[in-house]
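This report concerns only the one structure given below.
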Amino acid sequence: MKKEEVPQDNGSLAKKNVHELCYAVDENGRYTTVPSTGWEAKTLALNESLELIDERIAATRQAVLAGEASPIAYYMELHRMDVSLLASYVGIHRWFVKRHFQPKRFAKLSDKTLRKYADTFGITIEQLQSPFPHPNT
Amino acid sequence: MKIPFEHRQSAHCENGVISNLLNHRGVPISEPLAFGIGSGLFFTYLPFIKVNFAPGFSYRPMPGYIFRKLAKRLGIKVKHQRFSSTEKAKAALDEKLRQGIPVGLQVGVYHLTYFPDEYRFHFNAHNLVVYGKEAGEYLISDPVMDYTTQLSERELEQVRFAKGALAPKGHLYYLERLPDHYDLQRAVKKGIRQTCNDMLAPVPIVGVRAMKWVARNIRKWPKTIGIKKTNHYLGQLVRMQEEIGTGGGGFRFIYAAFLQEAATLLDKPILRQRAAEMTSIGDAWRDFALNISRIYKNRKSGNDRYDQLAEQLTAIAEREKQFFTQLKQDI
């Protein structure tokens, strides 16, 4: 890659005024570093991955509203986690975490257990229990 | 307290931390040199491990590997510590800072507040340097950032004790002892030799053979797992290759820069020519990524597109095979 070919396509890094360093050759063929604001090709790849996450969040949200899943499942997706990762954060075995996805069992959880989940997600117990106060907005 | 520490941005976090820590002690090792001596160039395909709903691809060895190899080859003693208690982890860090020693930390990315949201995934092998503490805030030199940043005690605890795969468990490290003199030439040769062996390894999940395996699978995926999943897998490949830290082209450009430095260090002009070849291989990787991204751009895609990608990847693998066979003979 030549120095002047380093792409400057204003990716998500540019918003925080962060550049990433690329290695490229100058006119004498010697290597140097050039800050880049992003490259469209990889922004597209990243967006594809983010869209997938958004789809999962939306699907879980529908499931929670329909009463098929507990809010824990929704917050897990929101925080880009999977079951085993969530289990290690709350310190509860993944079998039980999975059971807590059932709305019936979620309703019976003690405050202590709810606290663990709420702390992991950085929210209050009230927010955990009713994730969508205005479901139509 | 604030340790006078020079923050220099680098492409990759691990090389950057090594290079900055060594520079602080008066050992001028550039990022490409650290990367080359530590045998950082790699390729591995782990179809049985799922990362972010896609198989594991990596253009670099296991986290921590580059640093360990570099330290061993230069005779540097590095002290590593992990903790089970967050208080002890904090106390150990504060103690080292009080002694005026900048400390390297392994951290999780997800809770790093200064990262853009798009980059906050549960990835636990990021590295940064803490070089002081002022008014309860830790002073952070994160090598992939343009500028230095700060984290509160609570924020730093969160990133040091992130959970999941490769959990850092408060992992900290610092340079304990530097050798009186070190043999840079020998270290460079060792680094190059190992990279050649890694890339030509006779196992299917590492090096050139792994690339060919991925290529074969790219042909198969559209039929076996469908277009949507295939595209997601390919996207993962692009991200591993180009995302923050590789310096472009899946570390190939950094490696070419290293070969240029090695040519001067070892007084072997042939390596300058190899560097130019590596640059052109890096350009081929960039083209490969570009072609994958075109699939997203113009949604319609026939199966022959995937065949073309597979051919492209096979061609790159062939070139790298030749390249490393020759490089091995040059050294």
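Chains as they are written, first to last, in my numbering: chain G, 1 to 137; chain W, 1 to 331. Where a beta carbon is used, it is the ideal one built from N, C-alpha and C, also for glycine.
Which residues share a DSSP beta bridge with residue i?
{"i": "residue 57(W)", "result": "45(W)"}
{"i": "residue 132(W)", "result": "2(W), 139(W)"}
{"i": "residue 124(W)", "result": "Note: residue 124(W) sits in no beta bridge, so no partner."}
{"i": "residue 23(G)", "result": "33(G)"}
{"i": "residue 151(W)", "result": "138(W)"}
{"i": "residue 8(G)", "result": "38(G)"}
{"i": "residue 2(G)", "result": "25(G)"}
Give me, in chain order, the residues of the same chain whose beta-carbon lies closer than 7 Å to that of residue i; leave out the 5 immediate sequence neighbours on both sides.
{"i": "residue 72(G)", "result": "100, 101, 106, 117"}
{"i": "residue 79(W)", "result": "173, 174, 176"}
{"i": "residue 54(W)", "result": "232, 233, 236"}
{"i": "residue 193(G)", "result": "Outside the shown range of chain G (1 to 137) lies residue 193(G), about which nothing can therefore be said."}
{"i": "residue 26(G)", "result": "3, 32"}
{"i": "residue 260(W)", "result": "272, 275"}
Is any beta-carbon of chain C found at less than 7 Å from that of residue i?
{"i": "residue 9(W)", "result": "Here the protein chains are G and W, and chain C is not one of them."}
Within its chain, find whatever has a CB closer than 6 Å to the CB of residue i; leave out the 5 residues flanking it on each side and keep chain order.
{"i": "residue 321(W)", "result": "208"}
{"i": "residue 131(G)", "result": "71, 74"}
{"i": "residue 63(G)", "result": "69"}
{"i": "residue 58(G)", "result": "none"}
{"i": "residue 123(W)", "result": "109"}
{"i": "residue 90(W)", "result": "none"}
{"i": "residue 34(W)", "result": "15, 18, 19, 70"}
Suppose the cutoff is 8 Å on Cβ atoms and the five residues either side in sequence are ignored; what does the same chain contact list for residue i look like?
{"i": "residue 293(W)", "result": "238"}
{"i": "residue 17(G)", "result": "none"}
{"i": "residue 5(G)", "result": "24"}
{"i": "residue 97(G)", "result": "72, 83, 86, 87, 90"}
So residue i packs on residue j, CB below 8 Å; how close in whole Å?
{"i": "residue 11(W)", "j": "residue 21(G)", "result": "4 Å"}
{"i": "residue 83(W)", "j": "residue 169(W)", "result": "6 Å"}
{"i": "residue 281(W)", "j": "residue 219(W)", "result": "Incorrect: roughly 22 Å between the Cβ atoms, too far for contact."}
{"i": "residue 314(W)", "j": "residue 215(W)", "result": "5 Å"}
{"i": "residue 144(W)", "j": "residue 245(W)", "result": "6 Å"}
{"i": "residue 241(W)", "j": "residue 285(W)", "result": "6 Å"}
{"i": "residue 29(G)", "j": "residue 71(W)", "result": "The pair is not a contact, with the Cβ atoms about 32 Å apart (cut-off 8 Å)."}
{"i": "residue 182(W)", "j": "residue 75(W)", "result": "6 Å"}
{"i": "residue 52(W)", "j": "residue 84(G)", "result": "Actually they do not touch by this definition, with Cβ atoms about 14 Å apart."}
{"i": "residue 210(W)", "j": "residue 44(W)", "result": "6 Å"}
{"i": "residue 324(W)", "j": "residue 36(W)", "result": "In fact, because the Cβ distance is near 13 Å, the residues do not count as touching under 8 Å."}
* In chain order, which beta strand (DSSP E) runs of at least 3 residues are fully inside the segment 160–230 of chain W? -> Qualifying beta strand (DSSP E) stretches, in chain order: 172–177.
* Residues of the segment 93–117 of chain W with Cβ closer than 7 Å to any Cβ of chain G, in chain order -> Answer set for the segment 93–117 of chain W: 116.
* In chain order, each alpha helix (DSSP H) run of at least 4 residues that lies wholly inside the segment 32–65 of chain G -> If you keep only unbroken alpha helix (DSSP H) runs of at least 4 residues inside the segment 32–65 of chain G, you get 40–65.
* Taking any Cβ of chain W, which residues in the segment 91–121 of chain G have a Cβ under 7 Å from it, in chain order? -> Within the segment 91–121 of chain G, no residue has its Cβ closer than 7 Å to any Cβ of chain W.
* Below 8 Å between beta carbons is the criterion; list the residues of the segment 285–298 of chain W that meet it against any residue of chain G, in chain order. => Under the 8 Å Cβ criterion, the segment 285–298 of chain W contributes 286, 289, 290, 292, 293, 296, 297.
* To do: Could you please tell me which residues of the segment 12–27 of chain G, in chain order, have their CB closer than 8 Å to any CB of chain W?
  => Listed by position, the residues of the segment 12–27 of chain G near chain W (Cβ gap below 8 Å) are 12, 13, 15, 16, 17, 18, 19, 20, 21, 22, 23, 24, 25.
* To do: Using a Cβ-Cβ cut-off of less than 8 Å, give me the residues of the segment 143–154 of chain W that come near chain G, in sequence order.
  => Listed in chain order, the positions of the segment 143–154 of chain W with a beta carbon within less than 8 Å of a beta carbon of chain G are 144, 145, 146.
* Whole runs of the beta strand (DSSP E) within the segment 46–114 of chain W, excluding any shorter than 3 residues -> Runs of the beta strand (DSSP E) inside the segment 46–114 of chain W: 54–58, 77–81, 103–107.
* Between the segment 249–261 of chain W and chain G, which residues of the former have a C-beta closer than 8 Å to a C-beta of the latter? -> For the segment 249–261 of chain W, which is checked against every Cβ of chain G, the residues closer than 8 Å are 249, 253, 254, 256, 257, 260.
* Just by C-beta distance, which residues in the segment 37–48 of chain G are closer than 9 Å to chain W? -> Residues of the segment 37–48 of chain G with a C-beta less than 9 Å from any C-beta of chain W: 39, 40, 41, 42, 43, 44, 45, 46, 47, 48, listed in chain order.
* **Short-range partners of chain G found in the segment 265–280 of chain W, where Cβ spacing is below 8 Å** => Answer in chain order: 275, 276, 279.
* alpha helix (DSSP H) segments (min. 4 residues) lying fully within the segment 72–125 of chain G -> Fully contained in the segment 72–125 of chain G are the following alpha helix (DSSP H) runs of length 4 or more, in chain order: 83–90, 94–99, 103–107, 111–121.
* Just by C-beta distance, which residues in the segment 114–140 of chain W are closer than 9 Å to chain G? -> The residues in question are 114, 115, 116, 117, 118, 119, 120, 121, 122.
* To do: Using a Cβ-Cβ cut-off of less than 7 Å, list which residues of the segment 162–178 of chain W approach chain G; keep chain order.
  => Result list: 163, 164.
* Asked: Using a Cβ cut-off of 8 Å, which residues of the segment 34–54 of chain W contact any Cβ in chain G, in chain order?
  -> Residues passing the 8 Å Cβ filter: 52, 53.
* Near-chain G residues of the segment 200–230 of chain W - C-beta to any C-beta below 7 Å -> From the segment 200–230 of chain W, no residue has a Cβ closer than 7 Å to chain G.
* **Residues in the segment 74–90 of chain G having any Cβ partner in chain W nearer than 7 Å** => Flagged, chain order: 80, 81, 85, 88, 89.
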